[in-house]
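Okay, so here's the structure we're looking at.
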Amino acid sequence: MRVVIIGTGYVGLVTGTCFAELGNRVTCVDTDERKIQMLLEGKTPIYEPGLEEMIKRNSESGDLVFTMSLQEALPKAQIVFIAVGTPMGEDGSADLQYVLQVADQIGSLMSNDLVIVNKSTVPVGTADRVAQVVQQAIDARIQAGEVSAAALKFHVLSNPEFLKEGSAITDFMKPDRVVIGADDEKAGELLRMLYEPFTLKSNRIIMMDVKSAELTKYAANAMLATRISFMNEIANLCEKTGANAGKVRIGIGSDSRIGNAFLFPGCGYGGSCFPKDVQALIKMMDACGINAHILKSVEEVNARQKKIMAQKVISRFGEDLTGKIFAIWGLAFKPNTDDVREAPAIDTIVELISRGALIQTYDPEAMAQAKNVYLKDVDGIKFCTNKYDALSDADALLLMTEWSSFRSPDFDEIKERLRFPVIFDGRNQFERYMLHEAGFEYYAIGIPRTQLKNT
Ligand code: NAD
């Protein structure tokens, strides 16, 4: 099929590349000149395992094309995906300005019938708003005599995306499910046909009405965020009572009604989706006169949890951290991505620096993003070339992201390089090592010191 993807970010780029991988002719459009230029030069603007090779292969075959010109791209399309950002607006609701801009552009430029698919995460009712804006732009062209009345037909569908940064290619190529919201049967069928090759082994395509599809995405992210905050709250109780959150996690996760996923205690959730989607869902409920009791608590618990690493440091080293140096391993909000949006590491660094500390940090992929965007105005941070350099003369190590290259480090070298052998583990990665026996002072999440091996 001939597909156009508008918005070539984490979602749009992966979506377009995966459709091209299965032989579709895909054009990815973006207004960011730097991004498109990089892609035209064969470079990938984001880090996602396996993506670069796939882009290269499909660009060379001509199935994947990048452009800034929607005007050039649209005439070739049967299906157009909107995959632009829907950031948190000032009041917490989803900011739809980019989605609606794109809707206007589509209506102004389309020259044949189209199935328009909203892949961005958007509040219930957005497909209707998109349809209105597209129709208004078409009507203006009819009035101007550019196109004849009733010449251009379109349908707006919802197809929320569930890929996870860090495993986006696998998630897209082998999806747990594909949700298609279509109020028009024929348009829904076209989109189903596009996805069918991804789910040949078992039919994982779930068809529903547009509004239910729009809400499914928010409900899924809110449920996952709720599990994380729930477990973090239990972890905090564990620390106070002497129970071990790691054991409780296994104890409850083994119940098939509960399951093991998203129950790891840690230093709070971040990223580009959970924080803004939970907020947007709360706003959606507010607008309907429903008090989102659970989701407000999920947010509150997470905001508290994102402070927990700094609090542990303060409890150990005091309120005034002037002259102290802390090594931070991991900046991304999770491993295998360079995305640092809302990452707990950023909050922790800012808090420690505000108390006079200096930071030495290393992340395998997220250093450029953090340095050039999210921490660009913050002084007192040294970005190091490897994880051990970040430790030199530091007063303690804080592990913030569970990159696999941090999982089994050389603890002798850690001890040699640190001024004090103190480790704060925000992801409970080192619990299995006998760190106390090895002379470390070790702090984890939800595991009281009496429960640590060999204390
Ligand atoms: P992103 O910020 O990485 O990418 C959005 C892209 O859209 C940018 O490159 C931007 O330049 C481009 N853009 C904006 N206006 C444009 C226009 N008028 N024409 C062409 N391009 C334009 O965002 P993302 O992380 O890919 O997220 C996109 C949507 O998908 C959001 O609604 C998000 O909530 C949702 N989502 C994201 C993820 C994720 O893991 N990142 C997962 C599922 C769903």
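Sequential numbering from 1108 applies to the sequence shown in my numbering.
Don't be surprised by glycine CBs; every beta carbon is placed ideally from N, CA and C.
Legend entry - Coil, strand or helix - T1562 by DSSP: Against the sequence shown, residue 1562 aligns to sequence position 455. Interpretation of T1562 is limited by its pLDDT of 42, a score under 50 that renders its predicted location unreliable; no figure is taken from the coordinates.
Legend entry - Meets three-Cβ-pair contact criterion under 8 Å: the region 1295-1308 and the region 1169-1186: yes
Legend entry - Under 8 Å between C-beta atoms of D1316 and D1291: Residue 1316 sits at position 209 when you count from the first residue of the sequence shown. Residue 1291 sits at position 184 when you count from the first residue of the sequence shown. Cβ atoms of D1316 and D1291: not closer than 8 Å.
Legend entry - Residue from S1255, H1262, T1134, N1219 with nearest C-alpha to A1234: Looking up residue 1234 in the sequence shown gives position 127. It is H1262.
Legend entry - Residues near R1083 in its chain [Cβ-Cβ closer than 7 Å; skip 5 each side]: Because the chain is modelled from 1108 through 1562, residue 1083 falls outside the range shown and cannot be assessed.
Legend entry - Spatial distance of R1364 from T1323 (CA atoms): Counted from its first residue, the sequence shown places residue 1364 at position 257. Counted from its first residue, the sequence shown places residue 1323 at position 216. Taking the straight line joining both Cα atoms gives about 20 Å.
Inset, instruction - Tell me whether N1225 sits in a helix, a strand or coil according to DSSP, three-state version. - result: Numbered from 1 along the sequence shown, position 118 holds the residue referred to as residue 1225. The answer is strand: DSSP assigns N1225 an E or B state.
Legend entry - For T1468: DSSP bridge partner residues: On the sequence shown, residue 1468 is found 361 positions in, with the first residue counted as 1. Paired residues: I1435, F1490.
Inset, instruction - Write down every uninterrupted run of the alpha helix (DSSP H) in the region 1136-1213 whose length is 4 residues or greater and which is fully enclosed by it, in chain order. - result: 1140-1147, 1158-1168, 1177-1180
Legend entry - Quiz: which residues have CB nearer than 6 Å to the ligand NAD non-hydrogen atoms: I1113, G1114, T1115, G1116, Y1117, V1118, G1119, V1136, D1137, T1138, D1139, K1142, A1190, V1191, G1192, T1193, Y1205, Q1208, V1209, S1227, T1228, E1268, L1270, E1272, S1379, C1380
Inset, instruction - Classify T1562 as buried or exposed, calling it buried when 16 or more other Cβ atoms lie within 10 Å of its own Cβ. - result: For the purposes of this step, residue 1562 is identified with residue 455 of the sequence shown, where counting begins at 1. With a pLDDT of only 42 at T1562, under the threshold of 50, the placement of this residue in the model should not be trusted, and no figure is reported.
Legend entry - Exposure label - G1123; buried when at least 16 CB within 10 Å: Locating residue 1123 in the sequence shown gives position 16, counting from the first residue. Buried, by the Cβ-count rule.
Legend entry - Supposed close pair G1565, A1251 - CB separation, criterion 8 Å: As displayed, the chain neither begins before 1108 nor continues past 1562, which places residue 1565 out of reach and without an answer.
Inset, instruction - Return the bridge partner residues of E1548 from the DSSP annotation. - result: As a position in the sequence shown, residue 1548 is number 441, starting the count at 1. Answer is V1529.
Inset, instruction - Determine the extent of the alpha helix (DSSP H) in which R1356 is found, giving its start and end residues. - result: Residue mapping note: residue 1356 aligns to position 249 of the sequence shown, counting from 1. First-last of the alpha helix (DSSP H) with R1356: 1352-1360.
Inset, instruction - State the start and end residues of the unbroken beta strand (DSSP E) segment that holds S1265. - result: Locating residue 1265 in the sequence shown gives position 158, where the first residue counts as 1. Looking at the DSSP string, the run of the beta strand (DSSP E) that includes S1265 is 1261-1265.
Legend entry - Euclidean distance between Cα positions of M1452 and V1355: For this step, residue 1452 is matched to residue 345 along the sequence shown. For this step, residue 1355 is matched to residue 248 along the sequence shown. Contrary to the premise, residue 1452 reads as Ala rather than Met in this sequence. Those two C-alpha atoms are separated by around 26 Å.
Inset, instruction - Any chance you could list the beta strand (DSSP E) runs of at least 3 consecutive residues sitting entirely within the region 1282-1354, in chain order? - result: 1285-1288, 1312-1315
Legend entry - Buried versus exposed call for R1539 [16 or more other C-beta atoms within 10 Å across all chains shown]: If you number the sequence shown from 1, residue 1539 lands on position 432. Exposed: under 16 other Cβ atoms inside 10 Å.
Inset, instruction - Starting from V1385, trace the alpha helix (DSSP H) both ways and give me its first and last residue. - result: Mapped onto the sequence shown, residue 1385 falls at position 278. Segment 1381-1394, the alpha helix (DSSP H) holding V1385.
Legend entry - Proximity test, S1363 beta-carbon vs the ligand FMN heavy atom, cut-off 7 Å: With respect to the ligand FMN, the structure shown offers nothing to examine, as its ligands consist of the ligand NAD.
Inset, instruction - Step through the CB atoms of chain C and report whether any lies within less than 8 Å of the CB of V1172. - result: No chain C is part of this structure, which consists of one protein chain only.
Inset, instruction - May I have the straight-line CA-CA distance separating L1146 from M1175, to the nearest angstrom? - result: As a working mapping, residue 1146 is identified with position 39 in the sequence shown. As a working mapping, residue 1175 is identified with position 68 in the sequence shown. The alpha-carbon atoms of L1146 and M1175 are separated by roughly 11 Å.
Inset, instruction - Compute the beta-carbon to beta-carbon distance between G1373 and P1555, rounded to the nearest angstrom, for a pair I have assumed lies under 8 Å. - result: Working through the sequence shown from its first residue, we reach residue 1373 at position 266. Working through the sequence shown from its first residue, we reach residue 1555 at position 448. About 16 Å; that fails the 8 Å criterion.
Inset, instruction - Look up A1275 in the DSSP assignment and give the residues it is bridged to. - result: In the sequence shown, residue 1275 corresponds to position 168, counting from 1. Its beta-bridge partners do not exist; DSSP assigns none.
Inset, instruction - Would you kindly report the start and end of the unbroken beta strand (DSSP E) that includes I1113? - result: Reading the sequence shown from its first residue, position 6 is the one you call residue 1113. Here the beta strand (DSSP E) through I1113 covers 1109-1113.
Inset, instruction - Go ahead and label N1479 buried or exposed: buried means 16 or more other beta carbons lie within 10 angstroms of its beta carbon, across all protein chains shown. - result: As a working note, residue 1479 is residue 372 in the sequence shown. The residue in question, N1479, is exposed, as its Cβ has fewer than 16 Cβ neighbours within 10 Å.
Inset, instruction - Can you give me the start and stop residues for the alpha helix (DSSP H) that L1459 sits inside? - result: For the purposes of this step, residue 1459 is identified with residue 352 of the sequence shown, where counting begins at 1. Element bounds for L1459: 1451-1461.
Inset, instruction - In angstroms with no decimal places, state the Cα-to-Cα distance between T1050 and C1125. - result: The question about residue 1050 has no answer, for the chain in this structure spans 1108 to 1562.
Inset, instruction - Let me know the secondary structure DSSP gives V1231 once reduced to three states. - result: What you label residue 1231 is simply residue 124 of the sequence shown in a count that begins at 1. V1231 falls in the coil class under three-state DSSP.
Inset, instruction - Taking only the alpha-carbon atoms, compute the straight-line gap between I1421 and T1228 and give it to the nearest angstrom. - result: One-based indexing of the sequence shown puts residue 1421 at position 314. One-based indexing of the sequence shown puts residue 1228 at position 121. Each residue's Cα considered, the two are about 38 Å apart.
Legend entry - For L1402, three-class secondary structure by DSSP: As a first step, residue 1402 is located in the sequence shown; it is residue number 295 there, counting from the start. Correct three-state label for L1402: helix.
Inset, instruction - Work out the CA separation of F1527 and G1375 for me, nearest whole Å. - result: Position 268 of the sequence shown, counted from the first residue, corresponds to residue 1375. Position 420 of the sequence shown, counted from the first residue, corresponds to residue 1527. Using only the alpha carbons, I get a separation of about 26 Å.
Inset, instruction - Decide if K1142 is buried, meaning its Cβ has at least 16 other Cβ atoms within 10 Å, or exposed. - result: As a first step, residue 1142 is located in the sequence shown; it is residue number 35 there, counting from the start. So K1142 counts as buried.
Inset, instruction - Go ahead and pull the three-state DSSP assignment for A1368. - result: By one-based count along the sequence shown, residue 1368 stands at place 261. Residue state, collapsed to three classes: coil.
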